[in-house]
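K.L.:
In terms of our numbering, the sequence shown is numbered consecutively and its last residue is 836.
For each residue, glycine too, the CB sits at the ideal point set by N, CA and C.
I have a structure I would like to understand better, so I am pasting it below and will then ask my questions one at a time.
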Amino acid sequence: MNHLQIVHAAAEHAEELAAMNLEFNGVIVEEEQLRQYLDNRREIILLAMDGEQAAGFICAQVFHSFCYERPNAEITELYVREKAREQGVAGRLVRQMEQELRNEGVKTVTILTSSYNEPAWKTYESAGYRTQEEAVFQRKLIPME
692 MNHLQIVHAA AEHAEELAAM NLEFNGVIVE EEQLRQYLDN RREIILLAMD
742 GEQAAGFICA QVFHSFCYER PNAEITELYV REKAREQGVA GRLVRQMEQE
792 LRNEGVKTVT ILTSSYNEPA WKTYESAGYR TQEEAVFQRK LIPME
């Protein structure tokens with residue numbers, strides 16, 4: 692990772708993002724659909740670029756509520772390609788995302804990750820995140836096809 696740069700994802704990154712999303716969670720996202728989504732800017736998506744090649748990405752969403760003085764955020768996804776792992780890419784993505792969220796006035800960042808994803812836990816803990824005593828409830832509203 693000689694020339695790693697963290698950049699905002701844009702429409703021209705749609706092909707790389709779609710490929711990484713397929714690697715990451717097995718979901719196929721059409722490039723055109725992704726381009727339109729990137730134009731809407733509903734979430735912050737950062738890419739780690741090693742020259743022309745994407746090494747990983749991170750996504751976050753900011754939530755505003757009348758109940759709180761400042762917005763909160765959730766880091767929803769973090770993925771680093773296998774060949775770029777163990778080189779500090781994930782940590783750099785997290786730090787840059789935190790800066791982006793600070794710029795948005797975010798007070799607190801939440802991360803949900805699986806209880807068995809040890810590499811993710813290590814990354815988040817080394818960045819200063821700690822587990823909380825809260826339960827997560829989920830319900831599917833749309834039937835699976």
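How is the alpha helix (DSSP H) around VAL785 delimited, first residue to last?
P.N.:
780-794
K.L.:
Consult DSSP for LEU738 and reduce its assignment to one of helix, strand or coil.
P.N.:
strand
K.L.:
Would you say MET740 and VAL698 are within 8 Å of each other, going by their C-beta atoms?
P.N.:
yes
K.L.:
I need the boundaries of the alpha helix (DSSP H) containing GLU809, first residue and last residue.
P.N.:
809-817
K.L.:
Quickly, what does DSSP pair CYS750 with across the bridge? List them, please.
P.N.:
Looking at the DSSP output, CYS750 bridges to ILE736, GLU768.
K.L.:
Grab me the residues of ASN712's own chain with a C-beta within less than 7 Å of its C-beta, minus the 5 sequence neighbours each way, in chain order.
P.N.:
VAL718, VAL720
K.L.:
Identify every residue that forms a DSSP beta bridge with THR804.
P.N.:
Answer by DSSP bridge pairing: none, since THR804 is not bridged.
K.L.:
At the level of alpha carbons, what is the spacing between CYS758 and GLU795?
P.N.:
17 Å
K.L.:
Taking the beta carbon of GLU707 as the centre, do at least 16 other beta carbons fall within 10 Å, making it buried, or is it exposed?
P.N.:
buried
K.L.:
In whole angstroms, what is the alpha-carbon distance linking GLU901 and GLU734?
P.N.:
Limits of the chain in this structure are 692 at one end and 836 at the other, which puts residue 901 out of reach.
K.L.:
Which one of ALA745, LEU695, ALA826 has the shortest CA to CA distance from TYR770?
P.N.:
ALA745
K.L.:
Who are the Cβ neighbours of ASP730 in its own chain at under 7 Å, not counting the five residues just before and after it?
P.N.:
ALA702
K.L.:
Taking only three categories from DSSP, how would you classify GLN744?
P.N.:
strand
K.L.:
Using DSSP's beta-bridge definition, name the partner residues of HIS699.
P.N.:
LEU737
K.L.:
Out of LEU737, ARG786, HIS694, point me to the one whose CA is closest to ALA705's CA.
P.N.:
LEU737
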